[in-house]
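Asker: Numbering that gives the first Met the number 0 puts the first residue of the sequence shown at 0, with every later residue one more than the last.
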Amino acid sequence: MITMLRGQESRVWTSQQGSTIEARLQKLEPAHVTLQSKENKVVRLAIADLSLVDRIHLIESANAPETILAAGEMRLTEKFVKVDESAWKKLPTKFALGESSSVGEFEQWQTPHFLVVYAGDVKAPVVAETAERLWLGMAATYPQFRSEWGEKRRVIFVIEDAEAYQELGDWYGGLLAEKAQDAESQLILQQHKSSWPQLASAVIELPQKMANEGKYHSLATVIRAENGRSWRKAFPAMPTHALASDLMKHWFGPVRADRGVGYFALATGQGYYKEIQLAGLTETMLMEIGGSGGDEISTKSGFENGSAWPRLLKSGVKRGKITPKLADIYGLSPDGLTAENLVLMHSLMHYCQSTPKRLAAFARLTLKVRENQGLPTVEEMAKIYGFDSATAMEEDWINYLKSSEFK
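1. Kindly confirm or deny that the stretch 221-230 and the stretch 320-340 touch, where touching means at least three C-beta pairs closer than 8 Å.
2. At 4 residues or longer, what runs of the alpha helix (DSSP H) sit wholly inside the stretch 128-190?
3. Run the CB neighbour count on Ser100, radius 10 Å, all protein chains shown included, and call it buried at 16 or more, exposed below.
4. Hey, how far is the Cα of Ser200 from the Cα of Ser353?
5. Quick check: what's the CA-CA separation for Met392 versus Ile321?
6. So, with DSSP's three-state summary, where would you put Glu84?
7. Less than 7 Å between C-beta atoms, sequence neighbours within five positions excluded: which residues of the same chain meet that for Val154?
8. Hey, Tyr141 and Trp12: beta-carbon distance below 9 Å or not?
9. Would you kindly check if the distance between the Cβ of Ala61 and the Cβ of Leu24 is under 9 Å?
10. Quick one: give me the first and last residue of the beta strand (DSSP E) that Ser36 is part of.
11. For the stretch 229-244 against the stretch 130-144, do three or more pairs of beta-carbon atoms, one drawn from each stretch, fall closer than 8 Å, so that the two count as touching?
12. Could you tell me which whole alpha helix (DSSP H) segments of length 4 or greater appear in the stretch 207-246?
13. Am I right that Leu328 and Leu343 are in contact with their C-beta atoms under 8 Å? What's the rounded C-beta distance?
14. Check whether the Cβ of Glu282 sits closer than 8 Å to any heavy atom of the ligand COA, and report yes or no.
15. Roughly how many angstroms separate the alpha carbons of Thr365 and Lys192, rounded to a whole number?
16. On a CA-only basis, which of Glu162, Lys81, Leu68, Leu246 is nearest Trp148? Give me that one, please.
17. Taking the alpha-carbon of Arg258 as reference, which of Thr76, Thr376, Glu104 has the nearest alpha-carbon?
18. Curious, which full-length alpha helix (DSSP H) runs of at least 4 residues does the stretch 44-96 contain?
19. Going by DSSP, what residues sit across from Trp108 in a beta bridge?
20. If you count every other CB in all the chains shown that lies within 10 Å of the CB of Pro196, and 16 or more means buried, which is it?
21. Lys313 to Trp396, Cα distance in whole Å?
22. Assess, as a yes-or-no matter, whether the stretch 119-130 is touched by the stretch 157-167 under the definition of 3 or more beta carbon pairs within less than 8 Å.
23. Is it right to say Gly292 is buried, meaning 16 or more other beta carbons lie within 10 angstroms of its own, or is it exposed?
24. Give me the residue from Leu358, Gly97, Lys406, Ala278 with the minimum Cα distance to Arg54.
25. Quick one, are the C-beta atoms of Tyr384 and Ala360 less than 9 Å apart?
26. According to DSSP, what are the bridge partners of Ala201?
27. Please report how far the alpha carbon of Pro91 lies from the alpha carbon of Lys151, in whole angstroms.
28. Applying the criterion that 16 or more other CB atoms from any shown protein chain within 10 Å of the CB defines a buried residue, is Gln128 buried or exposed?
29. I need the straight-line Cα distance from Phe405 to Gly97, nearest angstrom please.
30. Looking at Leu44: is its Cβ nearer than 9 Å to the Cβ of Ser85?
31. Figure out for me which residue from Trp87, Arg74, Phe156, Thr110 has the closest Cα to the Cα of Glu104.
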């Protein structure tokens, strides 16, 4: 069946290889779409070559059948996307933390969506490519991500030099101290002071004036690059985890305190999922900061072998030594982590994005988070995935872990 369409608005269409065209939908066929650009150029594309975002758009706006979600081969956009590096450049000026020359200054590497601010022996273009590839993966998967991001850049501090890292921490500690007017903000300040020397990555909030003048998003990623000199190609493990998790949190947007159950599992799980899928292993440990003074620190990691964990988990589930509980894993928080439920959190995200249909459901789930400023309950999540109950989804997840699909 061929459908001729009128009144369709112009939008950005993206191929699985990352090429884009701004055009309106002119005609929908069972396996192809015809697009008309602003310059009246007519292009006919195979639906199997379109990104997930475009397929969801065809289903919702042009009544295309949901079967188009499974058209063609499911590929990791981040790995196969063609990245245009023509606009990437090292800036001639330094990034200054303050107006005084006594405050830290850092080198800058700029891309269309990020500003990599770095000090020490760091391969800034590798971090920039990793960030841009992850961004393009988000834009190809989550409806409205591209438009919601806008024209601003996210700042990524990548610091290998120990003195510069401490200087950045002291600067941010000073900003927190200025706001420490109550017990909660004082605890945040103390947690920062205690954890900063041990952190591998963090998120900090830029001063409003700095963000406005530089046209930056207010939150910035900090990566401590102790192994920065060894990053020779895109997707070094820990930076991939940090950036993937931070991009998902950016997409979620603000979340109300009473609707936060599931936030940690999905955002942190996304970091592990992308780290394992793109880097081939996981090197990331999570840090928990507790105590009444915010100075008790412990770390949590999954199985010791960062690349063998799917096989070990599959074996544990099959033998009944590990019993996945969907509500428990969805409701995880940092203080409830064990090696077992950490890898179960990894596996839940693996399941949630394992097929085009499941990935489309996950995209719809994230959009609801953004629209409602809150996470769906585990029962609501199950219905988004097409199940009558969380119990049915849990059973399907367990069967997936036992199957040959999980690897």
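C-beta atoms are modelled at their ideal positions from N, C-alpha and C, and glycine is treated no differently.
Answerer: In terms of the structure at hand:
1. no
2. 144-148, 161-178
3. The predicted model places Ser100 with a pLDDT of 47, which falls under 50 and marks its position as unreliable; any figure quoted below should be read in that light. Ser100 should be labelled exposed.
4. 27 Å
5. 17 Å
6. coil
7. Leu114, Val116, Leu205, Tyr215, Ala219
8. no
9. yes
10. 31-36
11. yes
12. 207-213
13. Sequence inspection shows Ile at residue 328; the Leu mentioned does not correspond to that position. Indeed, because the Cβ distance is near 5 Å, the residues count as touching under 8 Å.
14. The ligand COA is absent from the structure shown, which contains no ligand whatsoever.
15. 33 Å
16. Leu246
17. Thr376
18. 51-61, 76-79
19. Lys89, Val115
20. exposed
21. 12 Å
22. yes
23. In this prediction, Gly292 scores a pLDDT of 44, lower than 50, which makes its location untrustworthy; no coordinate-derived value is stated.
24. Leu358
25. yes
26. Val221
27. 20 Å
28. Before going further, note that residue 128 is Glu rather than Gln in the sequence given. With 16 or more other Cβ atoms within 10 Å, it is buried.
29. 49 Å
30. no
31. Phe156
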